[in-house]
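**Q**
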Amino acid sequence: MRKIRLYFLFLFLMTFNLISMAQATLSIQNLPDKENVIFINSERSNAAAVILKTYLDQSWKSPFSIKRYYKNNFDEKVSSIHLVIENSKDKNSFSINSDENTIYLIAPNEKLLSYTVYTFLENIGFRKFTAKEVLIPTLSEITFPKNSETIHLPSFEYRVLYYPDAFDQDFRDWHKLDWHRDDFSVWGHSFDKLLPAKEFFKTNPEYFAWYEGERRSESLCMTNKKVLRNVIKKIATIISEHPNTTFISVSQNDEAVFCECDHCTRLNVKHGGPSGSLYYFLNKVAKHFPKQKITTLAYQHTFRPPTHLKIQTNIYTLLCPIDLNRGKSILDEDSNSSFLQIVDGWNKATNNLYVWDYTVQFSNYLSPFPNFHTFSDNYTFFQKNNVKGIFAQGYADVPGDLSELRQYLLAKLLWNSDIDIEATTDDFLNGFYGPAAPFVKNYLNKLTENQKRSDRKLDIYSGPIQERTTFLTPKAMHEYDQIIAQAEEAVKENPSLFSRVNKIRLALEYVYFEQSKFYGFERNGMFATNKEGVKVIQSSLTERVVQFANTCNKLGIYELSEEGIAPNKYLSNWLEITKNTATHLGEKLTVNFRSEPAIEYAAKGTKSLVDGIRGHTDYNINWVGWYGINPQIELETNEINFNQIVLHFLNSQRNWIFLPKKIEVFGFKNEEWHLITEKKLLDLEENYTVESKRIVVSSSEFSNFEKIKIAVENQKQLPLWRKRKNKKPMVMLDEIELYNK
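Heads up: the sequence shown begins at 6 in my numbering, then just goes up one per residue.
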């Protein structure tokens with residue numbers, strides 16, 4: 006009897022709960038011939054109402070109508086949607102509320118009302134994955150909790166995403182993003198825009214930085230009153246020409262130079278470093294333009310905050326943590342203690358702290374870069390540490406590796422750093438890749454697992470060569486290839502989805518090509534020796550590179566790195582490299598380093614220098630580099646018959662790689678080294694063309710010695726046009742060829 010009573014009690018409670026749930030939810034039915042109305046409270050609400058109608062009509066049997074709200078045209082018993090613009094104390098927030106039968110989308114202005122509409126659409130199942138890919142759900146009804154109120158407030162007041170689809174205004178509006186190109190009259194590094202060296206340096210060198218004992222055009226003197234007057238005059242002109250912009254950047258150039266004159270140095274000593282004189286200058290500018298928001302970059306020598314100096318309230322600091330390990334979240338990286346102190350220092354110095362977040366690998370747009378797992382933790386950290394705005398730098402308008410997922414997740418985090426990142430990722434993958442989603446997720450997880458296991462710093466200027474022993478090993482690459490093959494198989498009947506998966510494979514192809522250049526004649530290398538002993542390219546490899554370049558062009562991947570080469574140039578470089586072999590007497594000789602190269606530029610060790618492959622123009626591939634020291638290389642020639650040594654040096658002055666000053670060749674005999682010959686090179690000239698320089702040293706005496714030592718004299722100091730503190734000249738050498746001519 007007790008069991009029966011309990012059963013009926015259970016049945017009663019279930020029925021009561023179902024009735025309560027039904028009563029707690031209002032519903033707008035998707036029925037044919039039923040009029041559904043979007044009410045607006047003023048004409049200012051109409052643009053947002055049109056957006057809402059446009060999307061709802063695509064999943065609705067009868068189109069919605071837009072009407073101005075009046076009491077006599079509104080039935081309180083019929084469920085409807087109202088769009089309302091009304092004043093609010095918080096100009097950054099909006100709300101989605103309801104009563105018994107009405108859903109209210111409420112915002113303080115037209116822009117935020119459109120944000121309210123997009124948020125509501127997402128709540129009922131719509132998605133905008135990219136600028137072109139929108140998910141329109143099939144709805145039988147819209148249900149909404151009765152008598153509810155949800156206030157939406159962003160985690161960051163300023164939110165910029167520098168990715169391909171952010172160039173599209175509809176995508177930005179949907180994801181509630183700002184756009185620096187509209188908001189800044191001058192953006193980024195700007196000293197040279199505000200006081201151009203080309204215009205003033207020759208006539209007024211005193212305007213510019215006194216650095217290491219001379220005037221340098223790369224920066225300004227922060228205490229020169231005429232500099233201040235000229236910059237203020239220029240800013241006034243810019244503001245008059247761009248009256249509707251919010252910000253103007255007054256920032257150091259992209260250089261490591263700063264003024265060390267007596268006046269600037271005193272300020273820097275007093276205020277804890279080069280930020281002292283910078284903010285002394287900025288404060289004066291900011292006082293002159295109290296209604297203008299002045300932004301500046303905390304970058305390189307100004308990364309640390311000034312001490313004992315009050316920063317004006319209209320100055321906005323954009324902190325640029327360029328050296329962080331992107332493979333770990335900020336709080337998980339043990340070496341970040343100094344960065345945490347810097348953030349704390351900036352919080353004490355200013356209430357207007359923004360962050361320039363580097364979210365991709367700028368040296369290789371297509372190389373896999375497993376940093377997705379850090380996004381959520383880092384943005385939560387920024388939000389909790391009073392960061393007010395973020396500029397998330399990605400691939401700009403180049404659709405790099407997994408750019409679609411990156412920009413989507415970052416956009417969501419910029420608005421709400423507390424989102425469930427796993428659920429958001431899964432939602433995107435399922436919507437964008439369809440049946441391939443589980444395999445893409447597996448691929449992402451494997452990349453992350455392998456990167457974490459390596460425990461190597463993930464750097465924004467690294468690449469496939471450096472990661473060949475971490476998460477891009479041949480074994481890992483084979484595993485990724487198999488996973489993406491499964492993803493392709495899952496969507497092979499759907500050309501659109503297959504193309505999206507194939508773009509992921511493009512990254513694996515790029516890694517394979519880059520690493521094949523490095524491996525040379527080894528396993529996974531691009532070269533082989535045929536039965537006749539002739540050096541050839543691995544079968545069908547060049548055809549794959551051709552297809553790679555064509556696919557990049559088709560997808561709009563017009564450059565492969567920041568200000569890097571185009572796909573067609575990549576192909577032409579590849580074709581040049583295929584011809585860049587040499588057959589000479591010194592191949593496979595025993596080589597010893599008498600002075601060790603830089604660890605990160607040791608290539609394949611000594612065998613790189615006599616493997617029969619000449620270096621091309623990428624210093625990451627096969628070039629052996631010595632940083633700030635003189636290379637010495639010993640060859641065990643065993644008295645083979647040769648009279649000519651051909652050396653190949655890299656000239657890449659933008660990367661501080663220079664030709665040597667002198668080359669000496671010694672021979673070893675009777676337990677002593679004897680100078681055989683030497684060759685002095687011409688003095689350096691400013692030249693930013695990246696090229697391999699062939700240098701020939703000849704002597705009939707070479708074959709008289711069992712060992713040869715090549716001593717290279719590196720440049721003693723950097724040339725004036727590339728002089729930087731804490732930088733030294735590097736010399737890079739590849740193939741050492743021996744001939745008898």
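From the three backbone atoms N, C-alpha and C, an ideal C-beta is built for every residue, glycine too.
Computed from a predicted structure; not experimentally measured.
1. What three-state label does DSSP hand glutamate 162 in the structure shown?
2. For aspartate 431, which residues of its own chain have a beta-carbon under 8 Å away from its beta-carbon, when the five flanking residues on both sides are left out?
3. If you draw a straight line from the C-alpha of glutamate 706 to the C-alpha of phenylalanine 663, how long is it?
4. Rounded to the nearest angstrom, how far is the Cβ of asparagine 648 from that of serine 703, given a contact under 8 Å?
5. Taking just the CA atoms, how far does tyrosine 413 sit from isoleucine 426?
6. Residues in its own chain within less than 7 Å of tyrosine 400 by CB, not counting five upstream and five downstream?
7. Specify, as a first and last residue, the run of the beta strand (DSSP E) that leucine 743 falls within.
8. For the alpha helix (DSSP H) that alanine 354 lies in, which residues bound it at each end?
9. Alpha carbon to alpha carbon, what distance is there between glutamine 456 and phenylalanine 476?
10. From the DSSP output, read off the bridge partner residues of threonine 155.
11. Between the C-alpha atoms of phenylalanine 386 and phenylalanine 161, what's the straight-line distance to the nearest angstrom?
12. By DSSP, does threonine 30 sit in helix, in strand, or in coil?
13. Please name the residue, chosen from Val165, Leu345 and Ser577, that lies closest to aspartate 178 on a Cα-to-Cα basis.
14. Ends of the beta strand (DSSP E) at valine 541?
15. Can you give, in chain order, each stretch of the alpha helix (DSSP H) that sits fully within the segment 222-297 and has at least 4 residues?
16. My guess is that leucine 358 and threonine 307 are in contact by the Cβ rule of under 8 Å, so how many angstroms apart are they, rounded?
17. Is DSSP giving threonine 474 helix, strand or coil here?
18. On the premise that cysteine 264 lies in contact with serine 245, defined as a C-beta separation below 8 Å, what is that separation, rounded to the nearest angstrom?
19. From what residue to what residue does the alpha helix (DSSP H) around arginine 727 run?
20. In terms of residue numbering, what span does the beta strand (DSSP E) encompassing glutamate 3 cover?
21. Go ahead and label proline 33 buried or exposed: buried means 16 or more other beta carbons lie within 10 angstroms of its beta carbon, across all protein chains shown.
22. By the DSSP assignment, the alpha helix (DSSP H) with phenylalanine 196 in it spans what residues?
23. Count the CB pairs spanning the segment 512-529 and the segment 465-472 that are closer than 8 Å, and state whether there are at least three.
24. Could you spell out the range, first to last residue, of the beta strand (DSSP E) harbouring lysine 684?
25. Which partner residues does tyrosine 359 have in the DSSP bridge list?
26. If you count every other CB in all the chains shown that lies within 10 Å of the CB of phenylalanine 130, and 16 or more means buried, which is it?
27. Once the 5 residues before and after aspartate 188 are set aside, which same chain residues still bring their CB inside 7 Å of it?
28. Output the distance between the C-alpha atoms of serine 559 and valine 274, rounded to the nearest integer angstrom.
29. Please determine if the segment 62-71 and the segment 94-106 are in contact, where contact requires at least 3 C-beta pairs separated by less than 8 Å.
30. Count the other CB atoms within 10 Å of the CB of valine 541; is the residue buried (16 or more) or exposed (fewer)?
31. What did DSSP end up calling phenylalanine 172 once you bin it into helix, strand or coil?
32. I believe aspartate 362 touches phenylalanine 396 by the beta-carbon criterion, under 8 Å. Please report the beta-carbon distance rounded to the nearest angstrom.
33. Going by C-alpha distance, which of Glu601, Thr547 and Glu605 is nearest leucine 580?
34. Sort out for me which residues DSSP pairs phenylalanine 598 with in a bridge.
35. Which same chain residues, not among the five before or five after threonine 611, have their C-beta less than 7 Å away from its C-beta?
36. From asparagine 643 to threonine 588, what does the alpha carbon distance come to, in whole angstroms?
**A** Reading from the atomic positions:
1. coil
2. For aspartate 431, where only same-chain residues beyond five positions count, the Cβ hits under 8 Å are Ala442 and Lys446.
3. 29 Å
4. About 6 Å; that satisfies the 8 Å criterion.
5. 11 Å
6. Tyr168, Pro169, Val365, Tyr370 and Ser408
7. 735-744
8. 342-354
9. 5 Å
10. As DSSP reads the structure, threonine 155 sits in a beta bridge with Ile101.
11. 12 Å
12. Reduced to three states, the DSSP call for threonine 30 is strand.
13. Val165
14. 540-542
15. As far as the segment 222-297 is concerned, its whole alpha helix (DSSP H) runs of at least 4 residues are 230-246, 267-275 and 280-293.
16. That pair is no contact at about 14 Å.
17. Three-state result, threonine 474: helix.
18. Serine 245 to cysteine 264, Cβ: 29 Å. No contact.
19. Taken as a continuous stretch (DSSP letters only), arginine 727 belongs to no alpha helix (DSSP H), as it is neither H nor E.
20. This structure does not reach residue 3, given that the chain is present from 6 up to 746, and the question cannot be answered.
21. In the sequence on display, residue 33 carries isoleucine and not proline. Under this definition isoleucine 33 is a buried residue.
22. Its alpha helix (DSSP H) spans residues 196-199.
23. yes
24. 677-685
25. Leu323 and Gly394
26. With the sequence shown as reference, residue 130 is identified as glycine, and phenylalanine is not the correct amino acid for it. It counts as exposed.
27. Thr250, Thr251 and Phe252
28. Note that residue 559 is lysine in the sequence shown, not serine. Rounded to whole angstroms, lysine 559 to valine 274 spans 55 Å at the Cα level.
29. No, the segment 62-71 does not touch the segment 94-106.
30. When all chains shown are included, valine 541 counts as exposed.
31. helix
32. Yes, they are in contact, since the Cβ atoms of aspartate 362 and phenylalanine 396 sit about 7 Å apart, within 8 Å.
33. Thr547
34. Ile638
35. Val596, Asn597 and Phe598
36. 19 Å
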